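As structure tokens, the structure follows; a few thoughts come after it.
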Amino acid sequence: QPLEFFQDMVREVFARSAYDPEVLRAGKREPLST
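First residue of the sequence shown? That's 781 in our numbering, and the numbers climb one at a time after it.
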């Protein structure tokens, strides 16, 4: 994929607050890909 494909995803990740409880869920495991 070209870098532009990831641009919105990267912006979304870096727009999050550090240690946001909505993002960090203690004890939860998520697959890296589906």
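The beta carbon of each residue, even a glycine, is placed where N, CA and C say it ideally should be. Because the structure is a prediction, the values reported are computed rather than measured.
Whole-angstrom Cβ separation of ARG796 and VAL803, contact assumed at under 8 Å?
Start at 1 with the first residue of the sequence shown, and residue 796 comes out as number 16. Start at 1 with the first residue of the sequence shown, and residue 803 comes out as number 23. ARG796 to VAL803, Cβ: 6 Å. Contact.
Would you give the residue range spanned by the alpha helix (DSSP H) that ALA798 belongs to?
Taking the first residue of the sequence shown as 1, we reach residue 798 at position 18. No alpha helix (DSSP H) contains ALA798, which DSSP labels as neither H nor E.
For ARG805, which of helix, strand or coil comes out of DSSP?
Taking the sequence shown and counting its residues from 1, the one referred to as residue 805 is at position 25. Looking at ARG805 - three-state DSSP - the assignment turns out to be coil, as it is neither helix nor strand.
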